[in-house]
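Okay, structure first, notes after.
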Amino acid sequence: MTDAATGTAATPDRRTTWWRDDASEPVRRNLALVGVLVLLFIVGTLARPDIFLDAHRLWSNELTVLTQASSIGVVTVGMTLVMISGGIDLSVGALLALASVWSTTVATQSYGPGIMILTALLVGAGAGLINGILIAYGRMVPFIATLAMMVAARGLAEKISGKLTQLVKVQTINKIAEWRPLGIPLLVVIFVVVAGLAWILLNRTTFGRRTVAVGGNPEAARLAGINVRRHTMLIYTLSGLCCGIAAIMVTAQSTAGSSDHGNLYELNAIAAAIIGGTALTGGRGTIVGSVLGVLVFTQIYNLFIVKNLQTEYQQIAQGAIIVGAVLIQQFRVAALRRPSLGTSPPTPGGSPPGQTSEPAAESGAARASQTTAAN
Amino acid sequence: MAEVLPDLSRRRLLLGGAAVGAAALVAGCTSNKEDNADSGTSSQTRVNGGNNAAPGKALTMGFSAPAADHGWIRAITDNARKQAALYSDVTFTQVDAGADAPAQIAALETLIQQKPDVIVLLPQDGAQLTSAGKGAMEAGIPVVNLDREFSDASASRLLIKGDNYGMGFAAGTYIAGKLGGKSNPVIAEIAGIDSLPLTQDRSRGFKDALAVHSLKVTNRVAAQFTAQSGQDVTANLLQAASHIDAIWNHDDDQGIGVLAAIKQANRKEFFMVGGAGSLNMMQHIKAGDTPVVATVTYPPTMASSAVSLARLIVQGKGMSDLVELQVPQQIVLTSETITKDNVDKYLPLGFES
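In order, the protein sequence lines correspond to chains R and E.
Here the first sequence is numbered in numbering that gives the first Met the number 0, starting from 0 and rising by one per residue.
Here the second sequence is numbered in numbering that gives the first Met the number 0, starting from 0 and rising by one per residue.
Following this line, the structure appears as structure tokens:
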């Protein structure tokens, strides 16, 4: 599992152990995140033994954590795909707000729950498609194109809603946040399904292989015959679609559509993806890591509230965790760049300094062509 | 170069297609008209009878308030505009306050250049706008300072504001009375944005009122005045306390999310008091279909009153029930407690969140 980033790691030479092997790096990182979660549970047990040692209350609390993680989780899954492909999507929070507002106008609500859901999905995917077109065919830098979309979509959401909170009168939508098939909240089921589909897409399809290749080295991917532009466009559309799904979830949870929804989701999603091991430079990242990243942040948030602590400490903790995770990543990359006797594995984040880009491009192209050949 | 051409045409096709699609969606789904959309706001502006209602000297009134980011601020702007429209002798000019205090200062400079007879100002930040208020006063334009107080009283002719401390105090008093001597009750507080002085004032009032009855806040969380944040903190809060007796939620906008979280968790053992006085909360109080039994007001009708008083200041008239010949210097509104018993009287004042 979770081997999206490995590409064709060089055959491990004799000195490479599991702990240093590039191929198992994502697994190690995910285990570390699981370790952090376990640590948080220990802290929780010390802080509130009445909750964490009572099976019934613990189950109820963890279901709440999972439920509250589900909408940002879906957005983070989309963000992870974008980041693996070498881009970034700053517009996710604003797209969520726009989709929620658009799907809860008086006119849309009058058509019933089906049309409301469809509208949210179409608005999300449509705005994502515009992002993709601007970046792939308009040749805009992703940061700038999605920044513009972030501002514009939030503005459009405010315009449509008249800055009012639009109450959802269609009970079927509100019920989405209350339904618990087999005791599991439907929102959590949606989150698991979206993450599962994204995992399959990334690890078991040509599309996923191409995503990694495009992120690792777009030029090499192009030379290997991948339609990089179309691929980029599709990736941003997928991210927008995830925002549409999350918009329905948030709308159901808060029983309202609002231009305030999804506030700071872009930063939270990027942060979760980064501590999950997704590289800002592209070509590296896992869905499982991102999901764990979201769970770590949501669990911390929950711990602060059940311990009745002020939230500013939680923000400080969140910042510290991001710094810690990125520092670990830095050290690892530095270790990879250190000249070694054996064949060094290709650095997916781009060519190491001091070398011409050619070897990296070659290895990237080789990787990409192998990928396409393999499928 | 040869490959550029098909690229261009495809790009054009895609861009064109996207634009057409977006336009179709915009036309189809964004209508937001509701038949009774205005029914709740018609009574939030009023010209009382008496001598002051008679048209007097014609005047121009400048108005500036932060961009509406939630229902309350929006109600402020709407009320000011509608109240001004009720007077045949008032010409109303609204300038955009921009995104932050410096932008509002710049907007105010422009407004002063137009030499209105009076300015009604809800500052982005009272302290930062004080010098701008002084500038207007020195230019001979009286300033009515709405809600967020200047740091210097000489920067305004009249201060009219709500009472955040009193709001917390009213909520605390109501909750203490309703709990009626219950021993060690669990009282939860869902605050708004914690860094704002208004939130701190509300919390202080709440704490002080509870202390009078030897009670204290057991669980406190802070949301962000938005429905989503209200839902998020409340979902976790309900896990933190398996039994709660009373909740005070600072803000009825975020209250939408608070109520949603309570319903999703299927909890009923407590009662809840709201804050601000939105139409939606009042309807819940009237219907009794949620844990909300009361809300303490922070009325946006203060904008209507501010416009009325600004007009009187320019026309040199006093408030007809006061003996003094001029409008007073400071008016602090009282925070009223709305319950099922008096909700009908307040419903017309409820604002849409």
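Beta carbons: idealized from backbone N, C-alpha and C, even for Gly.
The beta-carbon separation of R/THR79 and R/GLY284, rounded to 5 angstroms, stays under the 8 angstroms limit for a contact. Within chain E, no residue has its beta carbon less than 8 angstroms from that of R/GLU218; the closest one is some 15 angstroms off. Following the DSSP letters along the chain, one finds E/TRP247 inside the beta strand (DSSP E) bounded by residues 245-248. A distance below 7 angstroms between beta-carbons, with the five flanking residues on each side excluded, links R/ARG28 to the following residues of its chain, in chain order: GLY276 and GLY288.
At the C-beta level, R/THR164 and E/ALA226 come within 8 angstroms of one another.
Between R/VAL193 and R/ALA54, the alpha-carbon positions lie close to 28 angstroms from each other. In this structure, E/GLY165 is the residue among E/GLY165, E/ILE255 and E/GLU148 with its C-alpha nearest to the C-alpha of E/ASP207.
Boundaries around R/ILE269 are those of the alpha helix (DSSP H), 264-274, since no beta strand (DSSP E) includes it. Sequence-ordered contacts of the stretch 252-270 of chain R with chain E read GLN252, SER253, THR254, ALA255, SER257, ASP259, HIS260 and ASN262 [C-beta pairs closer than 7 angstroms]. E/ASN183 is outside the set of residues whose beta carbon lies under 8 angstroms from a beta carbon in chain R. For R/LYS158, the three-state secondary structure derived from DSSP is helix. Within chain E, the residues whose beta carbon sits less than 7 angstroms from that of R/ILE304 are VAL220, VAL232, ASN235, LEU236 and ALA239, listed in sequence order.
By the CB criterion at 8 angstroms, E/LYS133 and E/ALA154 fall inside the cutoff. In terms of beta-carbon proximity, E/GLN43 stays away from the interface with chain R, with every pair separated by 8 angstroms or more.
With respect to chain E, the C-beta atom of R/ALA151 has no partner C-beta closer than 8 angstroms.
Out of E/GLN329, E/VAL306 and E/LEU332, the CA that lies nearest to the CA of E/ALA52 is found in E/VAL306. Excluding residues up to 5 positions away in sequence, ARG209 and VAL213 lie with their Cβ nearer than 6 angstroms to the Cβ of R/HIS230 in the same chain.
The three-state reading of DSSP puts R/GLY215 in helix, counting H, G and I together. Here the alpha carbon of E/ASP146 sits roughly 7 angstroms from the alpha carbon of E/LEU158. Beta-bridge partners of E/MET60 (DSSP): E/PHE91 and E/VAL117. Below 8 angstroms, enough C-beta pairs join the stretch 78-90 of chain E and the stretch 297-317 of chain E to call them touching: three or more. Across the stretch 65-84 of chain E, CB contacts with chain R closer than 9 angstroms involve ALA66, ALA67, ASP68, HIS69, GLY70, ILE72 and ARG73, in sequence order along the chain. Between the alpha carbons of E/ASP252 and E/GLN282 lies a distance of about 14 angstroms.
Under the criterion of beta carbons closer than 8 angstroms, E/GLN123 and E/ALA105 do not qualify as touching, at roughly 12 angstroms.
Restricted to the stretch 111-162 of chain R, the alpha helix (DSSP H) segments that are unbroken, complete and at least 4 residues in length are 112-135 and 141-160, listed in chain order.
Per DSSP, the continuous beta strand (DSSP E) segment holding E/VAL142 begins and ends at 142-145. Listed as beta-bridge partners of E/MET271 by DSSP are E/ILE246 and E/VAL291.
Excluding its 5 nearest sequence neighbours in each direction, E/THR289 has C-beta neighbours in its own chain below 8 angstroms: LEU258, ILE261, LYS262, MET271 and HIS283, listed in chain order.
E/GLN227 reaches chain R at VAL249, GLN252, SER253, SER257, ASP259, HIS260, GLY261 and ASN262, counting residues in chain order whose Cβ is nearer than 8 angstroms. Per DSSP, the continuous beta strand (DSSP E) segment holding E/ALA221 begins and ends at 218-221. Taking 8 angstroms as the CB threshold, R/LEU237 stays off the interface with chain E. Taking a 10 Å sphere around the C-beta of E/ASP231, we find 16 or more other C-beta atoms and assign the residue as buried. For a cut-off of 8 angstroms, the C-beta gap from R/ALA270 to R/ILE321 is around 5 angstroms, short enough to register as a contact. Listed in chain order, the non-local C-beta contacts of R/ALA220 below 6 angstroms within the same chain comprise ALA212, VAL213, VAL227 and ALA367, local neighbours out to five positions each way being set aside.
For R/THR44, not one C-beta of chain E is nearer than 8 angstroms to its own C-beta. Annotation for E/THR109: VAL94 place their beta carbon closer than 8 angstroms to its own, counting only its chain and skipping 5 residues before and after.
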